[in-house]
Amino acid sequence: MLISQIEATDLFLGPAGAPRQVVRVTLTAGQASPPVRVRVEGPSVRTPEPAVTEALAAGEQRVVEVGVLIAAPASEGSPHRVTAVADGPAGRVTAEGEVRAAATGWTMWMVSHFHYDPVWWNTQRGFTEVWQDLPDVPGVDRLRPPFVRTAFDLVRAHLDAARRDPDYQFVLAEIDYLKPYWDVFVADRADLRRMVRDGRVELVGGMYNEPNTNLTHPESTIRNAVYGVGYQRDVLGGDPRTAWMLDVFGHDPAFPGLMADAGLTSSAWARGPFHHVGAKRHTGDITRMQFPSEFEWISPTGRGLLTAYMANHYVAGWDVERKETLGEAMTEAYAQYRELRKVAATRNVLLPVGHDHNIPSRWCTEIHREWPRRYEWPKFRMGVPRDFFAAVRAELSGRGPAHDPAGRVVSPQTRDMNPVYPGKDVSYIDTKQAQRAVETLVLDTERLATLAALLGDRYPSEALDKAWRLLAYGAHHDAVTGTESDQVYLDLVAGWQEAHSLAGAARRDAVAHLAGEADTSGDGQALLVSNSMSWARDGRTRVRLDYPAPGPRDLQIRDDDGAEVPAVADGVRRHADGTLAEVEVSFLAADVPALGYRVFRAVPAGPPRRPVAGWATRPGATAIDNDAFAIEADPERGGALSRIVDRRTGRDLLRPGGLGGELTVQEEYDGHHVWGEGPWHLLPKGPGAGFADRPAEVRVEHSPLGSRLTSVAALGGLRVTREVLLAEGADRIDFRTHVDGSIGQDRLLRVRFDVDLPGALPVSEVGFAAIGRPFGFPDVDTAESLWTLDNPAHTWAGLSSTARIVVHDPDGGRHGYAIGVAEVIAADDEAHRDRIRTLLATLVGQGVTATRTHPDGPRYGALDVDSNLPDIRIVVGTRNAFADAVLGACDDGYRRTLAETGRVLVPAARPRAAVWIPDADLRAPRDLPVLIVADSDTDALIADLADATIDVHQPGALVGGEDTLTDYSVALVNHGTPGFVAQPDGTLYLSLMRACSGWPSGVWIDGPRRTTPDGAGFALQHWSHTFRYSLVAGPGDWRRAGFVRAGQELNHPVRTDVVAAGPGPLPPRASLGSVRPERVILAALKPRGNPLAAGLSGEVDPADGVTVRLYESSGTPALARVSLLGGLRDPALASVLEEPASAQTASAQTASAQPL
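Numbering (my numbering), first residue to last: 70 to 1225.
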């Protein structure tokens, strides 16, 4: 007999009043042995009751659990020398060792769930009701394992498990399966409501489904919550508190703030900060995470949610279910606990026990009952998220079983939880284009319909309700993302088409009513131009006019003052007599009032009136200009732009020899070499082939509206026509790229601009904000380097600065450095916790996301773990290990300056281009610039950020000369092509489309398989596409350059409708509402409330109340003033669910003032 191992555990045996830590002693019997008594003793360790084994066989190895008491005081982790003693008939055996003291108070909450996809590779019909009956498809054995069921069977199975077993608890989430089940299985309603009321079932999510909010409008996120909370709370009787976003592919940074405003108090999900499956599954080391699995996730508004990141994914607990015996299941549960506790913020661990579409686990309640029979601590309990988060809050407040009566503060984080699965930003690109087009149309319709209803029309509640529901359905993370099968794709497209039709019809009705209230009398055809924005603006607009024979010979467009309007005619068709039968007229609608309209007229043209003309070609020309820009195309380089000059400043926006609007086609792998998942990942094989090495036809045309440059080039089977428009009076360059033919298979099409902006960083719009983003690596071979770092943007992305550090030297020099993504390093000092949170909230309010870390903890900035990379480190406090490491590696002058001024900027040891490389690891102390701030200077730093500029004063010799900021900004505004990436040299890419053959591309579930005419699957996108995007630029940062306004105006254009003439009571030009100042953006204008979401009548009257949703777009507080036709009274703050938040009195009878 010998003792081969002594191992301390964090298990404790009873009794409850004096728990005994388990030490595992491994015995090896050389020959058969009768029972032995085992104890562990030491100067500070004793065994109150030795463990007695059963007889051992010859050669048997057995682990004996011995309960010991460690003398107080013994802090957790403290070492203690011990001797293990085994006494038997054959004598005594001893061994020396060391054990470390563990702590009681830990609980692992086992939360039973199933993740549900209403669509993915399978159809809604299949996933909901007939999955097991469908014919085989490729990989069906993997897709239909024995534990998988349809939605109807799943809900019933979990309900039945709870009926049989009083200890069973579980969660239900999405409306896309809850509502069908509730409607069909009426007999289960009483049991479900009772279990919800008793706390055995928790309705989580508070959302219609699990939407991919980084690909949709933030209003879609809000309406998703409106439908989720409305149904779960008002119909089912639940109280949703946890945003349950298990599987979504990254998150809009606005999400936690919006959900907090919706009344949710927590969130739980598995993908975001550490790529798609987490530090543990990517590297094997869960402790590479830089912050605990429970943290406060803070949005740019400063509001946040207590969040549980599922550090070993949402399927972690299903490994317990895979075991064959209860003993094996308990061993696996303990292994999961041992791993997850390493990153827990408190002594509470969340173990999600579930998978995709899974039946209840066999072992959860068995472990729940058996575990306490063996161990006092840790507790392994069945629970629901509400139980887990309550326990976390209790411990943080000092009320939990853990020994911290003073309480603690959860770690604040504003980290950008992107990118995750960047292929989803471009796979099936028309899903993104459709979602954007319908969102903007529905929002515009909602505003116009509300204004029309204030003038007596009926609000189209039912039509817009269905449109929003279809948008919510399409926002699912396996829908708008383009990761679905071909059949599902066609189903989804039909949904977007229906939503577009519903919103379009409602809009036409609203415009007709508005036109009936306006004075549209006069000659010719009345045209009503509507503006859904809350500021007056100019806009180019287009209208189709049809005339019976005989029509006018020619046309002219005039405004309400009778003045001629610049216009151009396209698509002219004439009757046999030469008069106009059909024409599309584009014209400049100037000064269209805020939330209003202006009437124009199409009148017959004849002497002395000049008719609307078409485009006139200028032979041999390759350049065009307007007051803002001058551009030139190079016919020898594929027709791309070789020159883009800002005439207002004289700046050339392209690098010498660079191109703008150059198209590149990259070859891709069909699947990731590690994970497969072709549609999810971007999979380039290296740099792409461009059009620049082949000639193009270039044509220049002019019209009263402006100038147009058109180029035509071909690459393989792809023919591309690019139109570049410089409109008179416009401060942007508009691009229309028409792609005809086949892109082939497993190829990615991007457009690139070789921007010359040294020191600028990537910036993109997200939900109701703009944030910094890291540089990426679009030209990598993803078989060698895994991450391209493409990101999704809302309406625009570019090169600029969210905030900057300006270093002032004694000679009066100013040296600016852009910052966008930060690591904030600070000790966990109770006296400064609130300040650190305020600092993080202030930074993200200005667009600088941040990861809060500890000086001696793991660093943020290695792509093998982190989804993105920081560009600055901010160290709060001068006496910590990281500050010492930085200051110890540079000139002593930095330390002296810090002591004298309270802050110092230590530049990176190498230029940015040298360290921002594929698979970058930027964790060394001098890899990034480091701003070190004394504790006493923290409040001043926070105040300094009010203008998005941090001022630092230090000697010129300590100023870094590399990567200084060019005070200018460039951005691309998109129309549903959200994927972008910028390289460290300033090359800016927009992803346009891809043809991906990776699974589930081509999958067809039931009925005759459909294809494109060439026999290809729909994911290959073998048909014509048109992509629109615009380049905007200007001095200063993105705020001064006006990118938010440009994104709004381009995605919500003024629209023209042909209306009947009549003498209405309103003038031919009127504003029906406005919001001031213009940096406060109107997000929504609608009748108050959402009755249809709660199953009530949709009959609403905006005269009884309207909802005006606003956001401040620059990161600077503003006093917003709202006016509306007919006046406003009794304004009150409301949540995103339109429930009262607090009272607010009106500043005037017709306007309301509200600080934002």
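Virtual Cβ for every residue (Gly too), placed ideally from N, Cα, C.
Tell whether a beta-carbon distance below 7 Å holds between residue i and residue j.
i, j, result
"R942", "L997", "yes"
"E1181", "A1187", "yes"
"P488", "G319", "yes"
"W387", "P325", "no"
"I355", "V418", "no"
"L523", "G1195", "yes"
"P1047", "D494", "yes"
"P619", "T648", "yes"
"R1148", "S1183", "yes"
"E145", "A1153", "no"
"V1101", "A1115", "yes"
"R642", "E651", "yes"
Residue i bridges to which residues according to DSSP?
i, result
"I874", "Y886, I1019"
"Y569", "According to the sequence shown, residue 569 is His rather than Tyr. None, per the DSSP bridge assignment."
"M451", "M179"
"R801", "V1101"
"R115", "L138"
"G99", "Paired residue(s): none; G99 is not in a bridge."
"S655", "R611, V637"
"G525", "BP columns for G525 are empty, so no partner."
According to DSSP, is residue i helix, strand or coil?
i, result
"W446", "strand"
"T806", "strand"
"P474", "Since pLDDT at P474 reaches only 45, below the 50 mark, its modelled position is unreliable, and the value read off the structure follows with that caveat. It is coil, neither helix nor strand."
"V820", "strand"
"H345", "coil"
"A837", "Sequence check: residue 837 is Phe here, not Ala. Three-state result, F837: coil."
"L82", "strand"
"Y1037", "strand"
"S1216", "With a pLDDT of only 37 at S1216, under the threshold of 50, the placement of this residue in the model should not be trusted; the figure read from the coordinates follows. Coil."
"N600", "strand"
"T851", "coil"
"R992", "coil"
"F1096", "strand"
"D592", "coil"
"Q625", "strand"
"T519", "helix"
"S73", "strand"
"E1118", "helix"
"N293", "helix"
"P1186", "coil"
"T864", "coil"
"Y1180", "strand"
"W1107", "helix"
"H545", "strand"
Should the segment 807-823 be regarded as contacting the segment 954-961, the criterion being three or more beta carbon pairs within less than 8 Å? no
The segment 993-1008 / the segment 896-910 touching (three or more Cβ pairs under 8 Å): yes
Any beta strand (DSSP E) of 3 or more consecutive residues that is wholly inside the segment 1044-1093: 1048-1051, 1056-1064
List in chain order: all unbroken alpha helix (DSSP H) runs of 4+ residues lying wholly within the segment 358-442. 387-390, 395-409
Which full runs of the alpha helix (DSSP H) of 4+ residues lie inside the segment 895-961, going along the chain? 902-914, 950-957
Is there contact between the segment 1050-1061 and the segment 811-820, where contact requires at least three CB pairs shorter than 8 Å? yes
Give a yes or no on contact between the segment 304-318 and the segment 264-274, applying the rule of three or more CB pairs nearer than 8 Å. yes
Ignoring anything shorter than 4 residues, give me the alpha helix (DSSP H) runs that lie fully in the segment 315-340, in order along the chain. 324-330
Return the chain-ordered ranges of every alpha helix (DSSP H) run that is complete within the segment 746-786 and spans a minimum of 4 residues. none
Whole runs of the alpha helix (DSSP H) within the segment 696-727, excluding any shorter than 4 residues: none
Touching or not, the segment 1070-1084 and the segment 1105-1118, by the rule of three or more beta carbon pairs under 8 Å? no
Could you tell me whether the segment 441-459 touches the segment 285-300, using the rule of 3 or more Cβ pairs below 8 Å? no
At what residue ranges does the segment 214-288 contain a whole run of the alpha helix (DSSP H), taking only runs of 4 or more? 220-233, 244-253, 258-267
Inspect the CB distances between the segment 392-408 and the segment 930-947 and report whether three or more fall short of 8 Å. no
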